[in-house]
Amino acid sequence: MDEILNLKIIAIIPETRDASSFVLEPPDQQTPAYKPGQFLTFIFNFKGREIRRSYSLSSAPGIDQHLSITVKRVINGEVSRWLLEQARPGDILTAIAPKGMFVLEPEPDKYRDIILLAAGSGIVPVYSILKYALRNEPRSSITLAYQNHSEKSTLFRSDLATLQEQYVDRFRWIDFVSTPLLEINPSQRLNNEMLENLILENISFNFSDTRIFVCGPMSFMRMCQFTVFLMSFNETQFRKEYFAIPPLPAPPMMNDPGPKQVLIRQGNQLHYVSVAYPKTILQSALDLGIALPYSCKTGRCGACLATCKIGKLEMSDNEVLTEKDLEQGLVLTCVAHPVTDVEISLS
Numbered sequence: 006m007d008e009i010l011n012l013k014i015i016a017i018i019p020e021t022r023d024a025s026s027f028v029l030e031p032p033d034q035q036t037p038a039y040k041p042g043q044f045l046t047f048i049f050n051f052k053g054r055e056i057r058r059s060y061s062l063s064s065a066p067g068i069d070q071h072l073s074i075t076v077k078r079v080i081n082g083e084v085s086r087w088l089l090e091q092a093r094p095g096d097i098l099t100a101i102a103p104k105g106m107f108v109l110e111p112e113p114d115k116y117r118d119i120i121l122l123a124a125g126s127g128i129v130p131v132y133s134i135l136k137y138a139l140r141n142e143p144r145s146s147i148t149l150a151y152q153n154h155s156e157k158s159t160l161f162r163s164d165l166a167t168l169q170e171q172y173v174d175r176f177r178w179i180d181f182v183s184t185p186l187l188e189i190n191p192s193q194r195l196n197n198e199m200l201e202n203l204i205l206e207n208i209s210f211n212f213s214d215t216r217i218f219v220c221g222p223m224s225f226m227r228m229c230q231f232t233v234f235l236m237s238f239n240e241t242q243f244r245k246e247y248f249a250i251p252p253l254p255a256p257p258m259m260n261d262p263g264p265k266q267v268l269i270r271q272g273n274q275l276h277y278v279s280v281a282y283p284k285t286i287l288q289s290a291l292d293l294g295i296a297l298p299y300s301c302k303t304g305r306c307g308a309c310l311a312t313c314k315i316g317k318l319e320m321s322d323n324e325v326l327t328e329k330d331l332e333q334g335l336v337l338t339c340v341a342h343p344v345t346d347v348e349i350s351l352s
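Under the working numbering, think of the first position of the sequence shown as 6, with each following residue one higher.
See below:
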């Protein structure tokens, strides 16, 4: 079973007019293990409805004493509005232990380039990766391209400036602002051509060792992904993280839509679930009261990650797993439809 955390808000730090960071502490003061770039899935109960929302960790393991998330107000966002308007220090939030595959695996002895691309609140997991890489990869060169509407809306602006001064020989921050406060400053919006030139100008080591991370609005990430792959980077070098949840994808067409039997191994527990098209494995299990982990339900976050041991599955969408992950049998239960009887094990 996933570890459930009861996290006390010990401080709320305003970052911009519409965003704040929440510093969190477990009751036993033992911070759970996590990787830079991961997220927490919070479980809220509003008027008898369970609502889950994932928020990226802005803290970095081994650097920040406490866990922290940074929340930006979302128009008509029920959870973000509650957190920013009503949550107070001392409140207890319920969350599932950190998850996510938008992570930096450190290689402290390697000379390599790390390119970080962010827009708006997409900086939050990128900021965690940045702090961790600067501390734990002394030989790496790190470039951050960060797009915002204005200087006032830029999250962690003063902190980024401090890091740039502290690591002037290894860290370059390129600040893109579309509506600058001073008219004499140019309006800049990152595009394909600018991004290609930016990457080429900031690669100091082997092209094949470069790692690229991107998080932001969907249009921004599509532009970045198109440019990066056109430059011949491969998917093992590239990671993206969504913070907007799209509509649930349509199920794939199936030659045999009849019910399939699914055996789910969850720790020491075995669950037997009959999955009838067009339901997913996750939804079929939840309908039976089986508490499988999940967050977005759209194949975008990786909270529902599992391994297919026997049988064949098709996923209606996948924005998380690479070809290597798929070869190892990794699947996302929230978008997984069994083609045959299958056995899966929760990761």
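From the three backbone atoms N, C-alpha and C, an ideal C-beta is built for every residue, glycine too.
* **C-beta atoms of M228 and N197 nearer than 8 angstroms** => It is a contact, given that the beta carbons lie within the stated cut-off.
* Taking only runs of the alpha helix (DSSP H) that begin and end inside the stretch 38–126, which ones reach a length of at least 4 residues, in chain order? -> 83–90
* To do: Mind checking which residues open and close the beta strand (DSSP E) that includes Y299?
  => Counting along the chain, Y299 falls outside any beta strand (DSSP E), and DSSP gives it neither H nor E.
* Per the contact definition of three or more C-beta pairs closer than 8 angstroms, is the stretch 171–184 in contact with the stretch 78–87? -> With a cut-off of 8 angstroms, the stretch 171–184 and the stretch 78–87 do not count as touching, because too few Cβ pairs lie within range.
* Asked: Using the rule of at least 16 other Cβ atoms within 10 Å of the residue's Cβ for burial, across every protein chain shown, is D261 buried or exposed?
  -> exposed
* Asked: DSSP state of I208, grouped into three classes?
  -> Correct three-state label for I208: coil.
* To do: Using only alpha-carbon positions, find the residue among D33, Q152, Q35 and S25 that is nearest to Q91.
  => S25
* Asked: By how many angstroms is the C-alpha of N323 removed from the C-alpha of S158?
  -> 31 angstroms
* To do: Give the straight-line distance between the Cα atoms of H154 and S126, rounded to the nearest whole angstrom.
  => Across the structure, H154 and S126 are spaced so that their CA atoms are roughly 11 angstroms apart.
* Asked: Going along the chain, which unbroken runs of the beta strand (DSSP E) with 3 or more residues stay wholly within the stretch 238–262?
  -> Unbroken beta strand (DSSP E) runs of no fewer than 3 residues, entirely contained in the stretch 238–262, are found at 243–246, following chain order.
* Would you call D330 buried or exposed, if buried means 16 or more other Cβ atoms sit within 10 Å of its Cβ? -> buried
* Asked: Mapping DSSP to helix, strand and coil, what is T159?
  -> coil
* CB of S350 within 8 angstroms of CB of K314, strictly -> yes
* To do: Round the Cβ separation of P31 and N11 to the nearest angstrom and send it over; I've been treating them as touching at under 8 angstroms.
  => 7 angstroms
* Out of R58, I17 and T338, state which residue places its alpha-carbon closest to the alpha-carbon of L72. => Among R58, I17 and T338, the Cα nearest to that of L72 belongs to I17.
* What residues in its chain sit with their C-beta under 7 angstroms from that of A102, if we drop five residues either side in the sequence? -> Cβ within range, chain order: D7, E8, L10 and P37.
* Asked: Taking the continuous beta strand (DSSP E) assigned at K317, which residues delimit it?
  -> It is not in any beta strand (DSSP E) - K317 carries neither H nor E in the DSSP assignment.
* Looking at the unbroken beta strand (DSSP E) that takes in A16, where does it start and where does it end? -> I9 to T21
* To do: Could you please give the first and the last residue of the uninterrupted beta strand (DSSP E) stretch that includes V219?
  => R216 to C220
* Would you mind reading off the limits of the alpha helix (DSSP H) that contains Y137? => Looking at the DSSP string, the run of the alpha helix (DSSP H) that includes Y137 is I128 to N141.
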